[in-house]
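Residue numbers for the sequence shown follow the working numbering, beginning at 148 and rising by one.
This report concerns only the one structure given below.
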Amino acid sequence: MQLLITRPEPDAHRLATTLAALGHTPLVLPLLDIVFDETASTPKNYAALAFTSANGVRALSALLPPDDSLLSALVFAIGAQTAQAAQEAGWENIITCSPDNSANNNSVAEMAEMIIA
């Protein structure tokens, strides 16, 4: 089956590789470009971080030196891909939720309760 992939890179390429391995013919045509603000100031002294996408993880981790103390913060990640990106970037204390609670993770509502508690 031919499939059009409109996700931004690098996610589009990873998805295309997976689909091709399953016998599909992917066409990668990203409809938007994720651009990180390399001039953003690096946050300091947070006990917890909440990421809603792998792109957010990649953007923040690009600003941090490898041994930054922020990497010890608790991470709330929405979705498995976001959690995986956080782990790959060096965070270890990660709580994951699924938008629909389908993966037996915390729901978004439960995560919100943990964040504001």
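Note that CB positions come from ideal geometry on N, CA and C, so glycine has one too.
Within the region 163–214, the runs of beta strand (DSSP E) that reach at least 3 residues and sit entirely inside it are, in chain order, 172–175 and 195–198. Separation of Thr229 and Thr189 (C-alpha to C-alpha, rounded to the nearest whole angstrom) is 20 Å.
The shortest CA-to-CA distance from Gln234 to any of Leu162, Ser208 and Pro212 is the one to Ser208. Relative to Ile181, the option among Leu174, Gln231, Lys191 and Thr153 whose CA is nearest is Thr153. Excluding residues up to 5 positions away in sequence, Pro173 lie with their Cβ nearer than 8 Å to the Cβ of Ala167 in the same chain.
Taking a 10 Å sphere around the C-beta of Leu217, we find 16 or more other C-beta atoms and assign the residue as buried. If you look at Thr243, you'll find it in the beta strand (DSSP E) that goes Ile241 to Cys244.
Residues Ile152, Val175 and Pro177 of the same chain have their beta carbon placed closer than 7 Å to that of Ala159, with the five preceding and five following residues left out of the count. Sorting Gly170, Cys244 and Pro157 by C-alpha distance to the C-alpha of Leu179 places Pro157 at the top.
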